[in-house]
Amino acid sequence: MAVKAFVLIEVAAGKSQEVVAGITALQQERKEIRSVNSVTGPYDVIAVVEGPDVNAIGDLVNKNIQSVHGVVRTVTCLAMKLG
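In numbering that gives the first Met the number 0, the protein residues as written are 0 to 82.
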């Protein structure tokens with residue numbers, strides 16, 4: 000079963016469009032990135048990702064998403080099913 004996560008992304012001032020464009024470009028080669036959106040609130044961008052396990056999610060975030068120019072900080076929240 001795939002693991003789904005929400006990656007909350009803080010970006011450098013004025014870099015939201017650049018970060019969204021960079022992560023959107025990554026989607027072409029990394030199909031684990033399901034969506035990316037600019038948002039309001041304490042974070043600037045949220046990406047929805049899926050992978051086979053938490054280690055794959057960690058690698059995707061550390062090696063790909065965090066390397067996008069303008070990304071300052073990420074917080075990854077794993078989705079879970081209750082009940």
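Built from N, CA and C at the ideal position, the CB exists for glycine as well.
Asked, Found
"Cβ neighbour criterion (16 or more within 10 Å) applied to LEU25", "buried"
"Span of the alpha helix (DSSP H), counted from its first residue to its last, around VAL10", "That residue, VAL10, is in no alpha helix (DSSP H); its beta strand (DSSP E) goes 2-10."
"Extent of the continuous alpha helix (DSSP H) to which GLY57 belongs", "53-62"
"Coarse secondary structure for THR39, derived from DSSP in three states", "coil"
"Cα-Cα separation, VAL38 to VAL19", "11 Å"
"Reduced DSSP category for LEU25 - H, G, I as helix; E, B as strand; rest coil", "helix"
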